[in-house]
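Protein chains: 2
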Amino acid sequence: MDQQKRATIADVAKLAGVSITTVSRVMNKNYPVKEATRKKVEKAIEELEFKPNLLARGLIHNKTQTIGILTPSIENLFFSEVVKGIDSVIKNKGYTTFLCNTEGDPEQEKLMIDNMKDRSVDGIIAINPRTKNIKSGYYEGISKQIPLVIINGYNRGIHCNYVLNDGEVGTYEALKYLYELGHRDIVFLRGRHSYSYDVKEDIYRKFCEEFKLEFDEDNILIIEDGNGLEAVEQSKVVVEKIIRENDKVSCLFACNDWMAVGALKAAKALSISVPEEFSIIGFDNTIISQITEPSLTTVDQNMSGLGQISGNRICEIIKDRDKENKKIIIETRLIHRNSVAGRL
Amino acid sequence: MDQQKRATIADVAKLAGVSITTVSRVMNKNYPVKEATRKKVEKAIEELEFKPNLLARGLIHNKTQTIGILTPSIENLFFSEVVKGIDSVIKNKGYTTFLCNTEGDPEQEKLMIDNMKDRSVDGIIAINPRTKNIKSGYYEGISKQIPLVIINGYNRGIHCNYVLNDGEVGTYEALKYLYELGHRDIVFLRGRHSYSYDVKEDIYRKFCEEFKLEFDEDNILIIEDGNGLEAVEQSKVVVEKIIRENDKVSCLFACNDWMAVGALKAAKALSISVPEEFSIIGFDNTIISQITEPSLTTVDQNMSGLGQISGNRICEIIKDRDKENKKIIIETRLIHRNSVAGRL
DNA sequence: TTGTATGCGTTATCAT
DNA sequence: ATGATAACGCATACAA
């Protein structure tokens, strides 16, 4: 194999007949260099195809132009769109991303963060981190060591930089929409572990109170795995069950589109037509909401925007590490498609 | 902010009252150290929470325990599952991944590879790279500089390490399945730029010859963007058109599931029932094939396996850089679901 | 304007 | 068994 070693700054210096320092100056354009020597150096650089070793540079500045991104699962549509949003903005600022999967395991999460610190990333963005690690103060501690932005996670009293979609308003609007269409018995479907589910359930409960809906604890359905095909399967099971057992329920609010798909399949299995006989509303506005039949009415939370804002935010914090913490909230928007209709 | 600097090996040495070298030896366990001193050092390490700086280490060994992954688009289901497969195997070998999006742009692709080289990744896995860059010999050149594995890309005469799914066999089996069900006029739907589409079209043409099907160039449909929601839209348009114009066609082979969804929507729009009146077969077996109604008969190419094998392969090459190039082919499998039926 | 020397945090070589 | 010192490739304070 060719294995020809990469040229170093010393090689360039020798070829150009100048000192290492001069080459460095030409590279970084941070000190004046005589035009003639600059030409010489540039020629040498080109000839040797010299490109600086970013490791060496990082060692000196303790900066790597790298942002670590933590995600529970890259194969999940929600997260990949957020990642794309992040990528699109930080790329322009010369950063690249270091992506890690946690599989939703709190311990993995910590391990991965350690790994990133070892690799001297300049900042970390944690997408949907486990509530447990936020509450315990773990992330607050990390936040003091290294620039950190948390997406879709939050806890009062824990000081970090947060970027959140407004799950509260989104949920409220969706529920109100159903209410205005005449629905009174709304099933609520959530996954077990996530801050975002907690928020939504909270709103659901308050909503029932506010609108004096007959509240039934059994109308709150919980599945284990929140994102992906398993969520579809699990949701199908629990939704089928409740429709069979409670003939009053006329609609369902799902905490994400996967669950909504499961509900769709449950209705299909029971030969109940959506939306004519049963309405379903999803959350996230992932691509699958446009693929299903009928297409899903859902709450858009601007995932790409979520990523972009987080990307910008992390860059700000990196630049000025003493910036005070902020909680940025992104608006949601109800997307009307074909899975919701008025109550018969 | 706390900003307390990370402890270095020197801090540990001082605290333990030994030399830097000894600490290094304790860390790496590669030289004998007296039990007593080892204890001392370990205690100091713990106390200072010392973790070695991977950048410094990388600078010496010119290794970073990092694998760069190039993907046209992380938000695409196909790629994210492959990435997950890669991740799952290399993680155990102490590597982490460096992920880059190319947006399918050949120039971006080169830029990203440069970037990875600058960051001294130990190896690169390129998923669905642009044919152009393979043909031009660009990747062959890279392959000589750094361990490289190409997933789902190939060109005869270009020497690289390839991992491919057997698109030929998969396509052939799908077509034969349709044929055996009585279909004779099969529409072929592909995207414009990708090796995998070329392979499939090639098989399609040969298949028509072999089975003496009346060949019609118009039955080959081409859309621009191959992956994602755009593909759905574009496919819908062209499929609607051909169904309207050619009443002989009774089924369609799509080069991926997105396109198949588009075809599904086209049929729906024309009130043609699938599979009773029109059969559709997809490719990839992404999760969407289980979400659509009807669910999609499709060709599974074991995306996770594709990733795992590539992960193992890159590790092999890294360990022994003089290993000869290999072309590894993964089997595909037809998944029977509900979008295909016999010809009326 | 340019060059010398030192340091970033580690590991490897050579002594002792 | 342990330690001093020279690399790794680059940037910069200081000198000239």
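Residue numbers (the UniProt record's numbering), protein chains in the order written: chain A, 1 to 344; chain B, 1 to 344.
We treat Cβ as the ideally placed atom computed from N, Cα and C, and that holds for glycine.
In this text, all values refer to a predicted model and were calculated from it rather than measured experimentally.
Which residues of chain A have a Cβ atom closer than 8 Å to the Cβ of residue 118 of chain B, listed in chain order?
-> In chain order: 51, 52, 53, 54.
Evaluate residue 285 of chain A with the Cβ neighbour count: other Cβ atoms within 10 Å of its Cβ, from every protein chain shown; 16 or more gives buried, anything less gives exposed.
-> buried
So with Cβ pairs under 7 Å, would you call residue 137 of chain A a contact of chain B?
-> no
At 9 Å on the CB atoms, spell out the chain B contacts of residue 98 of chain A, in chain order.
-> 66, 96, 97, 98, 99
Identify whether residue 1 of chain B lies in helix, strand or coil by the three-state DSSP scheme.
-> The pLDDT assigned to residue 1 of chain B is 45, lower than 50, so where the model puts this residue is not dependable, and the model offers no usable value.
Alpha carbon to alpha carbon, how far is residue 2 of chain A from residue 91 of chain B?
-> The predicted position of residue 2 of chain A is uncertain, since its pLDDT is 47 and thus under 50; a value taken from the coordinates is nonetheless stated next. About 29 Å.
Of all the CB atoms in chain A, is at least one closer than 7 Å to the CB of residue 14 of chain B?
-> no
Among the residues of its own chain, which have a CB less than 6 Å from the CB of residue 215 of chain A, if the five just before and after it don't count?
-> 208
Cβ of residue 66 of chain B within 7 Å of Cβ of residue 122 of chain B?
-> yes
Taking 8 Å as the threshold, find out whether the region 293-309 of chain B comes into contact with the region 306-319 of chain A through three or more Cβ pairs.
-> Fewer than three beta-carbon pairs drawn from the region 293-309 of chain B and the region 306-319 of chain A are found closer than 8 Å, and the two stretches are therefore not classed as touching.
Identify whether residue 292 of chain B lies in helix, strand or coil by the three-state DSSP scheme.
-> coil
Buried versus exposed call for residue 321 of chain A [16 or more other C-beta atoms within 10 Å across all chains shown] = exposed
If you draw a straight line from the C-alpha of residue 247 of chain A to the C-alpha of residue 342 of chain A, how long is it?
-> 16 Å
Meets three-Cβ-pair contact criterion under 8 Å: the region 146-158 of chain A and the region 118-136 of chain A = yes
Beta-carbon of residue 151 of chain B versus every beta-carbon of chain A: anything under 7 Å?
-> no
Go through its chain and collect everything with a Cβ distance to residue 104 of chain B's Cβ below 8 Å, but skip five positions before and after it.
-> 72, 73, 130, 193
Range covered by the alpha helix (DSSP H) that runs through residue 59 of chain B | 54-61
Could you give the distance in angstroms between the alpha-carbon of residue 133 of chain B and the alpha-carbon of residue 110 of chain B?
-> Rounded to the nearest whole angstrom, the C-alpha separation of residue 133 of chain B and residue 110 of chain B is 8 Å.
In the DSSP assignment, find the unbroken beta strand (DSSP E) run with residue 249 of chain B in it and report its ends.
-> No beta strand (DSSP E) holds residue 249 of chain B; DSSP gives it neither H nor E.
So which residues of chain A does residue 75 of chain B contact, with C-beta pairs closer than 7 Å?
-> 80, 81, 84
If you run the structure through DSSP and keep just helix, strand and coil, what is residue 191 of chain B?
-> strand
Taking only the alpha-carbon atoms, compute the straight-line gap between residue 116 of chain B and residue 326 of chain B and give it to the nearest angstrom.
-> 23 Å
With DSSP collapsed to three states, give me the class of residue 71 of chain A.
-> strand
Among B:95, B:112, B:85, the one whose alpha carbon lies nearest that of residue 87 of chain A = B:112
Okay, do the region 277-292 of chain B and the region 255-263 of chain B touch, 3+ Cβ pairs below 8 Å being the bar?
-> Yes, they touch.
Bridge-paired residues (DSSP) for residue 282 of chain B = B:298
Using a beta-carbon distance cut-off of less than 8 Å, what residues from the region 294-320 of chain B approach chain A?
-> none
Got a sec: which bits of the region 282-293 of chain B sit with their beta carbon under 7 Å from any beta carbon on chain A, in order along the chain?
-> 287, 288, 290, 291, 292, 293
Beta-carbon proximity of residue 265 of chain B to residue 241 of chain B, cut-off 7 Å | no
Between the CA atoms of residue 80 of chain B and residue 334 of chain A - distance to the nearest angstrom = Taking the CA atoms as reference points, residue 334 of chain A sits about 28 Å from residue 80 of chain B.
Cβ separation of residue 255 of chain A and residue 200 of chain A, assumed to be a contact under 8 Å, to the nearest whole Å = 5 Å
Counting only runs of 3+ residues fully inside the region 132-179 of chain B, write out the beta strand (DSSP E) ranges in chain order.
-> 148-151, 161-165
Roughly how many angstroms separate the alpha carbons of residue 181 of chain B and residue 211 of chain B, rounded to a whole number?
-> 14 Å
Using a Cβ cut-off of 7 Å (strictly closer), state whether residue 58 of chain A contacts chain B.
-> yes
Chain A beta carbons: is any one of them nearer than 7 Å to that of residue 229 of chain B?
-> yes
Can you find a CB in chain B that lies within less than 7 Å of the CB of residue 225 of chain A?
-> no
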